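The next block holds one structure in the form of structure tokens; read it before the comments.
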Amino acid sequence: MIYEHPLAYVIGLQGIALLQGFIGEHDRDFVEARLAEVRELLDNDQLSKAVEVTPVSTVDGYRTWSATYDDPANAAFAIDVPIIAKIVEDLPAGVALDAACGTGRYAEILSGLGHRVIGVDSSPEMLDLARKRLPDSEFLEGTLHHLPVDEVDLIVCGLALTHNPDLGPIFAEFARVLKPGGHLVIADIHPDGVLRGSIPTVRGPRGEPHRLVTYRHSMGDYLRASLQAGFTLLGCEEPQRATMLDKAEEPGPWDVWPWSLAALVPEAAYAATGPQMVIWHFQAVTLHTM
111 MIYEHPLAYV IGLQGIALLQ GFIGEHDRDF VEARLAEVRE LLDNDQLSKA
161 VEVTPVSTVD GYRTWSATYD DPANAAFAID VPIIAKIVED LPAGVALDAA
211 CGTGRYAEIL SGLGHRVIGV DSSPEMLDLA RKRLPDSEFL EGTLHHLPVD
261 EVDLIVCGLA LTHNPDLGPI FAEFARVLKP GGHLVIADIH PDGVLRGSIP
311 TVRGPRGEPH RLVTYRHSMG DYLRASLQAG FTLLGCEEPQ RATMLDKAEE
361 PGPWDVWPWS LAALVPEAAY AATGPQMVIW HFQAVTLHTM
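Residue numbers (this note's numbering): 111 to 400.
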């Protein structure tokens, strides 16, 4: 069970901003304003009602989320897709695996570049949507730990590793499936983004608050797992989209936490903003012949 307290969240944002001020990233006026805001927040009765949230599996969570997953309001799509597309457009066409393919967002890009696309996902509902999007491509049910494919030239995987507690077995499975010299492109929620509450929200059958089970992996966790599996790092991007929020006067419903909570303290939230995603580009070890 996750205990989400709105006051704790906004004070946490203030804390990040104040730590930045302590090392000289903000001036005295900024620091004094944050301290004054903290005093006001402590007296705000609207921030006293916590919510207990149940983590749910990706299969259960995406069953609910699939109906609205491709909604343009899903802000992550504006960040990851252009970067993924730029990386893969320079790679030769071949057999491409969209691992944890969801509704086929990446599969559509790969198909347009001439790849023979295979999509794999653990959610039947998401796979149904992917098949409607790309009826001529192959979509299979499976997990990142047991991919039902062999010998592919390229793997892309988006917004999925953060739902797993251990990255090692997943990178090992990627290495098993990928041909020597093949490419692996991963987009995931940045560990700083997870820390700031970028965790998918869904409602249960009786309206219960749920979040998809999510783990905060450090950048080093990705590197250690990939290197141990025999990959070479070719690139890493940490995109962020920092915009000043319009100030809100109320915390808003739980369904839009933490974004509505951040709007209560827009200056602190803006200062605390960091990378939202991390995008990795790896290459499998190339076998050399005598």
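We put the beta carbon where it would ideally sit given N, CA and C, even for glycine. Fair warning: this is a prediction, and the values are worked out from it, not measured in the lab.
Within 10 angstroms of the Cβ of residue i, are there 16 or more other Cβ atoms? Answer buried if so, exposed if not.
i, result
"L239", "buried"
"T272", "buried"
"Y172", "buried"
"H300", "buried"
"S176", "buried"
"H327", "buried"
"R144", "buried"
"Y119", "buried"
"L129", "exposed"
"Q386", "buried"
"D181", "exposed"
"L237", "buried"
"A270", "buried"
Helix, strand or coil: which one does DSSP assign to residue i?
i, result
"E360", "coil"
"W390", "strand"
"D200", "coil"
"I299", "strand"
"E251", "strand"
"K242", "helix"
"L123", "helix"
"Y332", "helix"
"V266", "strand"
"E218", "helix"
"R321", "strand"
"P279", "helix"
"V230", "strand"
"A195", "helix"
"A378", "helix"
"T178", "helix"
"D190", "helix"
"E114", "strand"
So, using beta-carbon positions, are residue i and residue j closer together than 8 Å?
i, j, result
"Y179", "G212", "yes"
"G131", "V141", "yes"
"Q156", "V375", "no"
"L207", "V259", "yes"
"T383", "A339", "no"
"H293", "H391", "yes"
"I126", "V148", "no"
"V287", "L257", "yes"
"A210", "A285", "no"
"E251", "L223", "no"
Looking only at its chain, what residues have a beta carbon closer than 8 Å to the beta carbon of residue i, apart from the 5 residues adjacent to it on each side?
i, result
"I194", "Y216, I219, V266, G268, V295, A297 and I389"
"L117", "L151, L152, N154, L157 and S158"
"I112", "E162, V163, T164, P165 and R321"
Excluding the 5 residues preceding and the 5 following residue i in the sequence, name in chain order all residues of the same chain whose CB lies nearer than 7 Å to its CB.
i, result
"T253", "S232"
"D365", "T311"
"A372", "L123, L355 and A379"
"R241", "F249"
"S370", "A358, P361 and G362"
"L201", "L264 and H293"
"Q350", "T383, G384, P385 and Q386"
Near residue i, what residues of its chain come up, given a Cβ to Cβ distance below 6 Å and the 5 sequence neighbours on each side ignored?
i, result
"K357", "P376"
"V205", "R226, V262 and D263"
"P368", "Y119 and G307"
_Segment contact, 8 Å Cβ cut-off, at least three pairs: the stretch 319-326 with the stretch 162-169_ = In the pairwise beta carbon analysis, the stretch 319-326 is classified as touching the stretch 162-169: at least three pairs are separated by under 8 Å.
Q) Touching or not, the stretch 269-288 and the stretch 331-351, by the rule of three or more beta carbon pairs under 8 Å? A) Taking a cut-off of 8 Å on C-beta distances, the stretch 269-288 touches the stretch 331-351, as three or more cross pairs fall below it.
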